[in-house]
Amino acid sequence: MARTTFVLDCSALPEADAGQLDGLACLQLSLRRRRCELQLANAGDGLVALIDLAGLAGVLGVEAGGQAEEREEPGRVEEEGQLHDPTV
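Residue numbers (the working numbering): 2 to 89.
This is how it looks when you write it as structure tokens:
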């Protein structure tokens, strides 16, 4: 059975603070107890940074703000120029 996802538009939230983070974490916990998920949309840079700082990035889902073509593919390394260090 698929989980229900609730999308919360965070664009109207003022500057991010610990109270907002606590409220979002409590909402996520309540939804998970009901087998639902919370997805944060339009979260500001401050809120995203606070979520990362608190270690809740894996718990509170945040939609990516950038376009897909602007991001690099994960796991790829881009090398420029030649390495001048001899191999050992």
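From the three backbone atoms N, C-alpha and C, an ideal C-beta is built for every residue, glycine too.
Predicted model only: the values in this text are computed from it and were never measured.
- By the criterion of a C-beta distance shorter than 8 Å, ARG4 is surrounded in its chain by ARG36, CYS37 and GLU38, once the five residues flanking it on both sides are discounted.
- Going by beta carbons, ALA55 and LEU22 fall inside the 8 Å limit.
- A Cβ-Cβ separation of about 18 Å leaves LEU30 out of contact with CYS11 under the 8 Å criterion.
- Residue nearest to GLU16 within the set GLY62, ARG34 and ALA44 is ALA44 (criterion: CA-CA distance).
- About 7 Å separates the beta carbons of LEU61 and ALA26, which is inside the 8 Å limit, making them a contact pair.
- Restricting attention to LEU14, GLY59 and VAL8, the CA atom closest to the CA of ASP46 is found in LEU14.
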